[in-house]
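The next block holds one structure in the form of structure tokens; read it before the comments.
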Amino acid sequence: MAVALNTLVEEADRYLASAKIADYCPNGLQVEGRPQVMRIVSGVTASQALLDAAVEAKADLVLVHHGYFWKGENPCITGMKQRRLKTLLKHDISLLSYHLPLDLHPEVGNNVQLARQLDITVEGPLDPDNLKVVGLVGSLAEPMSPRDFARRVQEVMGREPLLIEGSEMIRRIGWCTGGGQGYIDQAVLAGVDLYLSGEASEQTFHSARENDISFIAAGHHATERYGVQALGDYLARRFALEHIFIDCPNPI
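Sequential numbering of the sequence shown, starting at 1, is according to our numbering.
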């Protein structure tokens, strides 16, 4: 079956409530392709590698978490940006992208989906008084050592995470996928035993050490693979479409 591109985009916008969420990139349809959609290819980032794979897979639409036209970037269509857009336009493929709306969503969001992968029970926002903080807090069914939890993360992510090990067993966890390492201070205030994000900064080490909590950096790309898959599956079910997730490995 096929669905009109406008119908699919309207449903995705509605489902993610994207118009209500301030962001530093446009959410929704970023590049318009053919008017009917039968096959969706999803991936974390609209890189050239993903676009080439989407062309090979005969996609009508590419769905991503990291799209284009970020605030403050050079608006000129040259170099890498020209090649990416040329690929989409030449093959009449649409690009649909959701950033913060996909981090925040309570069903298909990156943070909720990562919790399901790691068997964390979601309890609420990382900072209830500041909804701009997109992280969550939750708990494990049973306490475990930081190293045992890091092994669980490695099994799920398929890559060895960076672990800064605190002195305590862990049960209460805070997390934010992607580049959420800056929320470690909110995690400390929330009283977690371990904070997990995709990336780490130099100061993250000191915050973890001096506050005696464990910290894991599991990879920006790796922690954000699950939301876009879940959204693609939702749209495929909703409109009886074909959905293919393509993972383009990224060690960052």
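Even for Gly, the Cβ is constructed at its ideal location relative to N, Cα and C.
Status (buried if at least 16 other CB within 10 Å, exposed otherwise) for residue i
i           : result
residue 72  : exposed
residue 167 : exposed
residue 80  : exposed
residue 82  : exposed
residue 157 : buried
residue 131 : exposed
residue 252 : exposed
residue 206 : exposed
residue 210 : exposed
residue 77  : exposed
residue 155 : exposed
For residue i, the three-state DSSP class (helix, strand or coil)
i           : result
residue 145 : coil
residue 226 : helix
residue 255 : Limits of the chain in this structure are 1 at one end and 252 at the other, which puts residue 255 out of reach.
residue 220 : helix
residue 198 : coil
residue 170 : strand
residue 66  : strand
residue 244 : strand
residue 131 : coil
residue 177 : coil
residue 84  : helix
residue 94  : strand
residue 72  : coil
residue 107 : coil
Proximity of residue i and residue j at Cβ, strictly below 8 Å
i           : j           : result
residue 263 : residue 245 : Only positions 1 to 252 of the chain appear in the structure, and residue 263 is not among them; the question remains open.
residue 227 : residue 109 : yes
residue 124 : residue 88  : no
residue 172 : residue 188 : no
residue 190 : residue 126 : yes
residue 93  : residue 243 : no
residue 275 : residue 96  : The requested residue 275 does not occur in the structure, where the chain is confined to residues 1 to 252.
residue 232 : residue 42  : yes
residue 134 : residue 122 : no
residue 223 : residue 114 : yes
residue 4   : residue 26  : no
residue 2   : residue 235 : no
Contact belief for residue i with residue j at Cβ below 8 Å, rounded distance in angstroms
i           : j           : result
residue 44  : residue 61  : Wrong, their Cβ atoms sit about 16 Å apart, outside the cutoff.
residue 175 : residue 140 : About 12 Å; that fails the 8 Å criterion.
residue 170 : residue 208 : No, residue 170 and residue 208 are not in contact; Cβ-Cβ is about 12 Å, not under 8 Å.
residue 204 : residue 186 : No, residue 204 and residue 186 are not in contact; Cβ-Cβ is about 13 Å, not under 8 Å.
residue 14  : residue 48  : About 31 Å; that fails the 8 Å criterion.
Report task. Please determine if the region 141-154 and the region 64-81 are in contact, where contact requires at least 3 C-beta pairs separated by less than 8 Å. Result -> no
**Report entry** Validate contact between the region 209-217 and the region 154-162 using beta carbons, cut 8 Å, 3 pairs
**Finding:** yes
Query raised in the report: Is the region 12-26 touching the region 96-106 in the sense that three or more CB pairs, one from each, lie closer than 8 Å?
Result: yes
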